[in-house]
């Protein structure tokens, strides 16, 4: 008995619900469409939107990328390749760095994996080319002259390796090197 | 002899007019659907090809004709090629019995404004409607793809189920008109449209008709997000276009049939008869688009329950009530 | 056999098994830093903690220190144990720098793995980290002390396992420092193993510094080809360049460690000037042209000359496939050879050695490690077969008595007895030791030949005296091993050593015999080359116009010692010279047709080590000019090509098989299996090798054919007094050194810095006789065309009457095969003024 009653009620509510639905869509007919007419109207994208990849620089204007291969390892489409090398000052850097944007799916995993905030995705998504080879970006094409979203970070201030950034013990949260010839604490 | 020749020529002219009108309408129905659906969803819809995107159907036609016609490697070729024509042809043929005006008298000759006035027109429509199932089922089977097969099976089951309700919903109409001929049914509504006396029948017919044409919310055979595109997943180019034309011609046919059975056909004041039919057809089509823009797809069990547990019993009861009323009124 | 339960699973293990090993047998990998199978347990890192639920001592215990006991119940994933390990990781990480991105260990770092798997993701300690200054440890090992977690593996390996003393531990507490007392190259030629053994990045591979990550490398198990031991290695390549080698684990040979020669000797495969193109008369050409020209030349000689005027020269760096194909080609065509291009006399000595190598006596490195008495005769382990030193060291650590009988100044990182003896007297010394040890033993079971041999020994015995403690040690020993070299010995010594090993092999004493052969495939070369000829005789035949066509396949001695006018003249008298090689040499430059061949990394192949174990190598990569070289340090080319640049080389056996008419598949991998099948099927004694080419980690032990079973050899008693110290002449010998003398590794740029300068080692008495002081520069006049500037090095611990200089491949040696040269004092010139 109650079941049937409930059913009746539910049929009634269902009909009103459907009616409401039809009313809603009908009302939409008279609203101004919210579509943005893309090539004519361009929209400012949020800084964190994921498109063209760049290699940023640290606050001193030096290359941030240490060519640790984490981005190329994590890249699901293997579009990043590089060769690491050492500068005379002890900094590790990418001798060459290549991103094939023809393959890139803009997933942002490289940015997430990057320990130095070097590789970053930018909102610039308009990079279609007719010649696919122009989508293969070399290091010069990727480098920018700013720090991107994480402008203040300097990896070598925290890494603890001796570079031109300073010798052992001179970085953030480091005590001076141990004198092994002394047993004084 | 001349009579015979002129009759033949007349038939061809009617053919040409109806076919041209139907295909033109089908093309622009697509445009209208995309446009209207877009507005229902607060979008613009096609607006790049021509003013208001009016050249979009032509662009689509060019695209489909010039696209590569791909036949899957393991497909059953002949059936694969046949299936879309079956769908399109049955939909088009159904219009043969739809009257679009009173008989004209030209040079003393009475010209019926219907391609052919069959005395079993209604049964002819059911027959073609049933044949249309083959297009879907065979297309799905011949593609040799699991999605297509599932779509085809769903289509067959759905159309067979709803045909029953569709047929039963029209029995009261036939009882009222006393004829299977569509011309007679329209003529019987010269006073008032049957929707006024048979609202239940109308509702059942309209719902079943939507299910027959595989429109949202009954588009399970081609459910994009479950089956790719169901029975026409593997079709491309103009063969896919034929399925598409079939579907939109079907919408018009169903609009015309709804008009014929319940809305008084071409009857109406002020305007010429065929315009009235056109207006009613288009109105029904727009309502269908509105429904598409509003309702979500049914689940398969809901679909079957609706057909067998609601529509069929309701139409049966409706037949009994109508019969009783006719007996009582005499 | 105690039975214990670990994580609810029961296992029975032999007594003295540690819980950490028992768990490993169950497939449960308990984290570890300080524990290493070769080094044993010290319980320093505390990361292998488990919870002992039932046993003599319950609670958290270190599984590496705990012997598995009967009835123990142990949980490795109990909350207490997991929390304990997590806390240990956290405190180990407290001072660990944030430099994984610039650390070469990143990606195959045990500490990284344990930290991540232990769940320590966030640093809680906000204080400053302790730092350390790094040291310069030479060109091979990079030091970065900040990363240290004080597991002590490095010093335990360096001081205890290898016995070298210049790396140690300084400081106390958290200030503990692992390094040398000052900057400087690590003295040990096994220092590279520090890289493998350090669980984090304190010691990293310097030549491979910043060249890539492990996950980007193409890695394959390989066999070291820089001496005859056949150590197991793991080679990594990337972008068509061999990047680094690590030690493989092979209990029968190298255990867990390799020498630096093997670790860094791969550079020859990457050389920018490695010949990668076919050449006809010195001009680069296509493969088809060179191939056709070679066939044409061979046809012409076949038509105009006797086939026996064609000679084939092979060496011990050829793969087994090449050697077998070469042999069959010579037999089929009636050509001369194949001739083994070995250093002077080493070929005949190797054949003699294999003849004496009885299956029941064959000793592996494992046997050497486990023996209790080692008599190394005519060998200088560190320089000839470095990893053998580690095996000797392990035996010595276990209390073995080690004697080395050799004229050279042998230096080993542990206590041993050195008897500096001239090659002529070595046999007498050996006979004396064996006779003395056998004195009083019942020898009635010996056959007549055996008795005759014993009598011969007794005769020789009279000519030498040996220290008593050696005899006593041999008498006491249960597993003695005789190690015999093939370079600094007389022709009959390998046989004598073999028979002596058989003599002392008695029911209560199982003796072993271990030969050190020349070259990676010295065994194969000895088996498959012609016995009645050698490189010297071949040169004579060329001189006398008996040989008109020479086909040199990866030659060794001849290729690199012909810069003299005499040699040039010899080569001029050839009609046709075909060279197949992957190294550039004077010989390859003079070739009429040059065919570039593939290195073992590119072609794979089978090598038989000195005890007859066949080990196969799969090809590591396709080969070709390294991308770094094609890109000229910039990025690699942007456009794809269908061919690999510089990958025209073929395996050396391919042209030979082609000339022989073998039809091989054009597909590289199929072809490799086909030639393998051919090799195995056509040499019955190789039938133990699998046709699939997969010899597994340990390799396949081959049974040497035609061995005189249970019959002693009768040695001609040829004792001469050539080593008389009263003679004014001094013999100039070339000797092997760890670095710089082995042909392949001497081309490796990584080792350039560690190759020592050429110094002439001589006995103080000789130096006094010649009036020379240590460190003095002098010039050795070898003949009218050859002068050799060098530097005097006075060694007390060597035989009198010799000068030893390293056998550099680029040495201007007038005699083929580096044969020793008797020097008259007149031929030794001081820099300032004459001698005396």
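Residue numbers (my numbering), protein chains in the order written: chain E, 48 to 232; chain B, 453 to 782; chain U, 4 to 839.
Ideal Cβ placement from N, Cα and C applies to all residues, glycine included.
- When the beta-carbon positions are compared, residue 266 (chain U) and residue 248 (chain U) come within less than 9 Å of each other.
- When the Cα atoms are used, residue 726 (chain B) and residue 182 (chain E) turn out to be separated by approximately 58 Å.
- Near chain U, meaning a CB-to-CB distance below 9 Å, the residues of the region 95-127 of chain E are 113, 114, 115, 116, 117, 119, 120.
- Linking residue 203 (chain U) to residue 116 (chain U) through their CA atoms gives a straight-line distance of about 10 Å.
- Put simply, the CB of residue 280 (chain U) is far from chain E, with every gap to its CB atoms at 9 Å or more.
- Nearest to residue 608 (chain B) by alpha-carbon distance, out of B:618, B:584, B:623, B:617, is B:584.
- Annotated three-state conformation of residue 130 (chain E) is strand, per DSSP.
- According to the DSSP assignment, residue 339 (chain U) belongs to the beta strand (DSSP E) that extends over 339-343.
- Taken through DSSP and simplified to helix, strand or coil, residue 263 (chain U) comes out as helix.
- Chain E has no Cβ within less than 9 Å of the Cβ of residue 749 (chain B).
- In this structure, U:41 is the residue among U:749, U:531, U:41 with its C-alpha nearest to the C-alpha of residue 260 (chain U).
- Counted as a single uninterrupted DSSP element, the beta strand (DSSP E) harbouring residue 790 (chain U) occupies residues 790-797.
- Annotation for residue 471 (chain U): the continuous alpha helix (DSSP H) segment containing it runs 471-479.
- The beta carbon of residue 497 (chain U) sits closer than 7 Å to the beta carbons of 352, 355, 356, 359, 487, 489, 518 from its chain, once the five residues preceding and following it are set aside; these are given in chain order.
- Straight across, the Cα-Cα distance linking residue 161 (chain U) with residue 170 (chain U) is about 7 Å.
- Within the region 712-757 of chain B, the runs of alpha helix (DSSP H) that reach at least 4 residues and sit entirely inside it are, in chain order, 725-746, 752-757.
- Between residue 186 (chain E) and chain U, the shortest Cβ-Cβ separation is below 9 Å.
- Listed along chain B, the residues sitting closer than 8 Å to residue 80 (chain E) by beta-carbon distance are 490, 491, 494, 495, 496.
- Sixteen is the threshold: when 16 or more other Cβ atoms of the shown chains lie within 10 Å of the Cβ of residue 413 (chain U), as they do, the residue is buried.
- With its beta carbon at least 9 Å from every one in chain E, residue 396 (chain U) lies outside the interface.
- Against chain E, the beta carbon of residue 643 (chain U) has no neighbour under 9 Å; the closest one sits roughly 10 Å away.
- C-alpha of residue 95 (chain U) to C-alpha of residue 38 (chain U): approximately 16 Å in a straight line.
- Pairing residue 582 (chain U) with residue 596 (chain U) gives a Cβ-Cβ distance under 9 Å.
- DSSP places residue 336 (chain U) in the uninterrupted alpha helix (DSSP H) bounded by 323-336.
- A distance below 7 Å between beta-carbons, with the five flanking residues on each side excluded, links residue 385 (chain U) to the following residues of its chain, in chain order: 192, 392, 414, 415, 741.
- Note on the region 489-557 of chain U: whole beta strand (DSSP E) runs with a minimum of 3 residues are 515-518, 552-556, in chain order.
- Between the beta-carbon of residue 467 (chain U) and that of residue 428 (chain U) there is about 6 Å, and that keeps the pair under the 8 Å contact cut.
- Taking a cut-off of 8 Å on C-beta distances, the region 459-475 of chain B touches the region 541-552 of chain B, as three or more cross pairs fall below it.
- Proximity of chain E to residue 742 (chain B) at the Cβ level (cut-off 8 Å) is accounted for by 69, 72, 73, in chain order.
- Taking a C-beta cut-off of 8 Å against chain E, the contacting residues of the region 128-149 of chain U are 129, 130, 131, 132, 133, 134, 135, 136, 137, 147, 149, listed in chain order.
- In terms of Cβ geometry, residue 745 (chain B) and residue 492 (chain B) form a close pair [threshold 9 Å].
- If one requires a minimum length of 3 residues, the beta strand (DSSP E) runs lying completely within the region 171-224 of chain E are 221-224, in chain order.
- By the neighbour-count criterion, in which a residue is buried when 16 or more other Cβ atoms sit within 10 angstroms of its Cβ, residue 475 (chain U) is exposed.
- Shown here for residue 324 (chain U): same chain residues with a beta carbon closer than 6 Å to its own, the five before and five after excluded, namely 608, 656, 678, 682 in chain order.
- For residue 135 (chain U), same chain residues with a beta-carbon under 8 Å away, outside a window of 5 residues either side, are 148, 149, 151, 180 in chain order.
- With respect to chain E, the C-beta atom of residue 745 (chain B) has a partner C-beta closer than 9 Å.
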